[in-house]
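Top to bottom, those sequences are chains U, H and P. Position one of the first sequence corresponds to residue 1 (our numbering), numbered consecutively onward. Position one of the second sequence corresponds to residue 431 (our numbering), numbered consecutively onward. Position one of the third sequence corresponds to residue 768 (our numbering), numbered consecutively onward. Okay, so here's the structure we're looking at.
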Amino acid sequence: MAKTERTAEPAAPLAAGAPLLEVTDLQVEFRMREGVARAINGVSFTLEAGQTLAILGESGSGKSVTAQAIMGILDTPPGYVTGGRVLYRGADLLKMPERQRRLIRGSQIAMIFQDALSALNPVFPVGWQIAEMFRVHRGLGRTEALERAVQLMERVRIPAARERVKSYPHQFSGGMRQRIMIAMAIALDPVVLIADEPTTALDVTVQAQIMQLLQDLQDERQMGLILITHDLGVVADVAQRIAVMYAGRLVEEADVIDLYGRPCHPYTRGLLDSIPRLDQKGQTLSAIGGLPPNLLHIPAGCPFNPRCRWAQPLCRTGAPPALAEVGVNRRSACHFWPEVAAAAPAAGLASPAQSETAGSDPAVLQTLGAASADALGPDGAQDRLAASDSALAGEQGATAVAPQGPVAAGGPALAGPTPDGGSADESEGR
Amino acid sequence: MIDRRDHKDRGRREQFLAGLAEPDLAVEPPEPASDLLVGEEPTGAADKPHSLWTDAWWQMRRRPMFWISTALIIIFAVMAVWPSLFTSLDPRYCLLAESRQPPGRQHWFGTDIQGCDVYARTVYGARSSILVGVFATLGVTVIGSFVGLVSGYFGHWLDVLLSRLGEIFFAIPTLLGGIVILYSFPSKPDTPYFVVVGKVVLAITLLAWPSIARLMRGSVLQVMPNEYVVAAQGLGASSARVIVSHVLPNAMAGVIAVATINLGVYIALEATLSFLGIGLQEPAISWGIAISAASKMGYITSAPHMLLFPSLFLSLTVLAFIMLGEVARDALDPKLR
Amino acid sequence: MTKYIVRRLLQMIPVIIGATFILFVLVFALPGEPWQGRCGERPCPPAYVDAFKKEYNLDKPLLIQYGIYLGRLLRGDLGTNFYNNRVIDELAVRYPTTVTLALIAIAFAIVIGITAGLVAGINRGSFLDTLVTVSTLVVISVPVFVIGGLAQWSILKLKLTDIIPVTATQGTIGQLILPGLVLGSLSVAYVARLTRTNLVENLRADYVRTARAKGLSKSRVIGLHTLRNSLIPVITFIGYEIGSLMGGAIVTERIFNINGIGGFIFRSIEQRDGVSVVGAVTVLVLVYLVVNLIVDVLYGVLDPRISHD
């Protein structure tokens, strides 16, 4: 048993061209007494080694279910994967026999959960729970496994790890518990790490420490990281790619700078607008009206249409808009994305023209971390003006065929997409 | 005490039932699925305000167990009030010549040792059981709730005193205590029927109130920190007013469910005491007495119908109340679900 | 831990005093004259009655009587009954039978109850689950004496009395199997339901998902991670049951004619033998309280979240 497990690991070097993880048209449904809830309706994305992909969405949007489907830990019944592929280094996890899949689970694809207090078993010492990874997957003996657990606890910077290895989860603070979760997840050097809201249950200061730890570990091990969150601030800090989910679908996917700078889906736009910003003090905070749909009764057409201010009759009937290329390496599922994109960018800082160069600039990223956004300099006032002006224009633009907002607003170059950039995107998209 | 929910409550079965949350027999959606349903309801019903009680009602009426148990309870209640609706025979009209006849056309359930009609006696036996069950439940619930309310609301030395008092009664096994009490105040054949019943009711009430008191005290302690209670107190409302209009309505739900289950348990307890010959006494007609007479070794094989029919009626009655109580508890106490 | 146990023992004292006082008052308020029938057919001569009253302190006020009784109880003396037998000896003869009966009942509760609960909980929503849920509800609703009567009837009907005796006058283990099952039937049902509920609840818990995400096998996830958590309350419940089954044995002992504590209490009441009744019930109350204390301590050992400090 232990032998076969050892041969399954470590995995073969990356096949040329095959991404680490490639999810294609994933479908998940929950069959319940009340009916069938279609939790995931054709989600596709890829994850490369060392990359951080953030999956963003409200609760119930299907982001956690996506993670569970990839891990193969959906509660069945009532949850069933009804279609799609999850290729891990070119091999379809969904077609693998459970036995084989179990060897990958935990050792090559690992997961961190939101609430470490309930996610850790309350009646076993934390060291035992970490050591279990080595004992089950590597066949190590009790003492050796525990020794490795201590090392891991030290690696995730738990003070006095050797003394605390026999303590129980409830004897740790929230942040320390999350570190233990992380230690357990990275125990076997996984290639893919899925973190499901890893910091939601924590204090803001501890959140930052945990995110830093995750980033350090990722840099150290070149893991692919899928970060599931609803916190746009966290995403801006660490992710390179963002996939926004709504009602079990990806509605937009882009590099983080592009997405923050110029959202191409009304839902993304709404999310960004709902962040309180220091530079917009005194203005009414815009929130997305309404509630996410009940997955038993997803509205016809675009699932977001009842809450969308750009919605047209086209959006209310027929199949939901497909996720289509709308720019270099970015996709959106909106019939009227050019109008949405043309409305002034929410963050008011980056333009698509800039994004290529700005992508790696930490300074810009930090300012984008909207929740913790610093007060902007003297330019801030101008930006704000431009942003509000063009938002107004955007509403008019929604009915217009060509994007006029930015032109009309004529804001500083920093604030909006240049007319050239806008039209270039448009022609590419159609 | 130790940091755990009323651990001593686990000692007694009837109390323990409160913890035995029984989800529906049908498959229920587990956690992640229910998370999917946070969205808006397409039906227009969503915007109407739901109270705990209307919610519970909607919850209960969907379950077949609720309707089965309610139907049984109605039948037995009617049987207790108007036994003559079910049989035209006189349960006290007995012919020794027709002793221990098997079930037949004339005597549906056969006859007993005295030659009385078992069906008539079984029908008339419902009255004792229902009377004892209802009044013991009333007594226990009123006293227990009152003590629990006072204990939980006022706290301090009053709480300590009442809790210790409850522990004393709690430590005496209910059945043994009941036997001792009823032997101390025995009934004679000429004791009026309602006095005999009253003694059993009092014995059960005296021994069983602490379990409800604990439950109530726990609920009150949960309700107390809520804003609406604190606000009412802050506005200078009298203790009585706060208790009656804010604490009691919100702490009552669990007690009602457990009291319904207990009603069934007390009926079984009365039957047990009567079976042992110390609860209800002849000439009272009771299922416990009938079963006791039928369980004499020789009759079990020669006249099993004497045992079966009263046993069946007794068990169905107990089952009906326990079922209803469980359904009510599941509906009223979402935490236990 | 020691502090906790000492505190619990101290808390027991008023409970024991209160409970014995209530029993004492009740029993000695029993009507009837215990010296009746001790002097042949005739009523007892006043001199005998006086001597009898003096010997058993019946001439003193109730509170004094109780004080004397309590003083003896503290020295481990349960008194001498009206037949000049030491109550403690009478109990010592019968205790093993009742304890055996209770342990057999518990054994059934553990074996059948936990197994049924696990089968139902793991196969939630299946036919087996429904069967267990419905049959336990029925068992809970049918009073023990009815179950006892039905058990005797079916054994007699099937003519199995040679293998399974329907009376247990000698109180051998073989004879106590059927009474043990009858006495334990309610516990079996409760344990099954409790196991099922806890298992179902724990199977939904986040830590089970974590265990699956760790790549553990299904048997390890259920057998180790879930079971450990699910069984802690079941074990404590079974512990409490040991204490209460002794008191509940009175019905079973009567049905099956077993000469145990329950039967002794019953006969003593009929003979107006107050000393024996109070003594026997006091011992049962003590056993109940001590067992509960042991179980509470055990809970702290089993569940690391419970601290007795």
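Ideal Cβ placement from N, Cα and C applies to all residues, glycine included. On a predicted model such as this, the values are computed, not experimentally measured, just so you know.
- Between the beta-carbon of H/ALA714 and that of H/TYR623 there is about 6 Å, and that keeps the pair under the 8 Å contact cut.
- Comparing C-alpha distances from P/VAL967 to each of P/GLY941, P/LEU998, P/GLN942 and P/LEU983 shows the shortest one belongs to P/LEU998.
- Excluding its 5 nearest sequence neighbours in each direction, P/VAL1044 has C-beta neighbours in its own chain below 8 Å: LEU790, VAL794, ILE1032, SER1035 and ILE1036, listed in chain order.
- Taking one beta carbon from each stretch, the stretch 641-650 of chain H and the stretch 674-687 of chain H have 3 or more pairs nearer than 8 Å; the two touch.
- Within chain U, the residues ARG102 have their CB atoms less than 7 Å from the CB of P/SER984, given in chain order.
- By the neighbour-count definition (other C-beta atoms within 10 Å, threshold 16), H/TRP497 is an exposed residue.
- Contact of P/ASN965 with chain U is not assigned, every C-beta pair being separated by 8 Å or more.
- Using a Cβ-Cβ distance cut-off of 8 Å, the stretch 220-233 of chain U and the stretch 190-209 of chain U are in contact, since at least three pairs of beta carbons, one from each stretch, lie closer than that value.
- For U/SER173, there is no enclosing alpha helix (DSSP H), as DSSP marks it with neither H nor E.
- Going by DSSP, U/MET32 is part of no alpha helix (DSSP H) but of the beta strand (DSSP E) stretching over 21-32.
- In terms of beta-carbon proximity, U/TYR168 lines the interface with chain P, with at least one pair separated by less than 8 Å.
- Relative to U/GLU163, the option among U/ARG33, U/VAL150, U/ASN305 and U/SER173 whose CA is nearest is U/VAL150.
- DSSP, reduced to helix, strand and coil, places U/GLU325 within a strand of the structure shown.
- If one requires a minimum length of 4 residues, the alpha helix (DSSP H) runs lying completely within the stretch 116-157 of chain U are 116-119, 126-133 and 142-155, in chain order.
- For P/ASN890, the closest Cβ of chain U is not nearer than 8 Å.
- Burial is judged here by how many other beta carbons sit within 10 angstroms of a residue's own beta carbon; P/GLU857 has at least 16 and is buried.
- Residues of chain P whose Cβ lies closer than 7 Å to the Cβ of H/PRO734 are, in chain order, TRP920.
- The beta carbon of H/ILE602 sits closer than 8 Å to some beta carbon of chain P.
- Secondary structure of P/PRO812 (DSSP, three-state): coil.
- Contact between H/LEU606 and P/GLY1014 is confirmed by a C-beta separation of about 5 Å, below the 8 Å threshold.
- Legend: CB atoms of the stretch 118-142 of chain U lying less than 9 Å from CB atoms of chain P belong to residues SER118, ALA119, LEU120, ASN121, PRO122, VAL123, PHE124, PRO125, GLN129, GLU132, MET133, VAL136 and HIS137.
- Listed in chain order, the positions of the stretch 701-719 of chain H with a beta carbon within less than 7 Å of a beta carbon of chain P are ALA701, THR702, PHE705 and LEU706.
- Going by DSSP, U/ASP196 is part of the beta strand (DSSP E) stretching over 192-196.
- With fewer than 16 other Cβ atoms from the protein chains shown falling within 10 Å of its own Cβ, H/ARG491 counts as exposed.
- Proximity of chain U to P/ASP973 at the Cβ level (cut-off 7 Å) is accounted for by PHE113, ASP115, SER118 and ALA119, in chain order.
- Interface residue (Cβ-Cβ distance to chain H less than 8 Å): P/PRO946 is not classified as such.
- P/LEU1065 places its beta carbon 8 Å or farther from that of P/ARG775.
- DSSP places H/TYR523 in the coil class of the three-state scheme, outside both helix and strand.
- Taking C-beta separations shorter than 8 Å and ignoring five residues to either side along the sequence, the partners of U/LEU74 in its chain run VAL28, VAL65, GLN68, TYR80 and VAL81, following chain order.
- Taking a Cβ-Cβ threshold of 9 Å, none of the residues of chain H is close to P/LEU858; the smallest such distance is about 14 Å.
- U/SER107 has a beta carbon lying within less than 8 Å of a beta carbon in chain P.
- Among the residues of chain P, those whose CB is under 7 Å from the CB of H/LEU737 are GLY916 and TRP920, following chain order.
- Identification of chain H residues near P/ARG1021 by a Cβ-Cβ cut-off of 7 Å yields LEU706, ordered along the chain.
- One thing to note: P/VAL782 has its Cβ no nearer than 8 Å to the Cβ of H/GLU657.
- For U/MET71, the chain P residues whose C-beta falls within less than 7 Å of its own C-beta are ALA980, listed in chain order.
- Residue contact with chain P for H/MET753: present (Cβ-Cβ distance below 8 Å to some residue of chain P).
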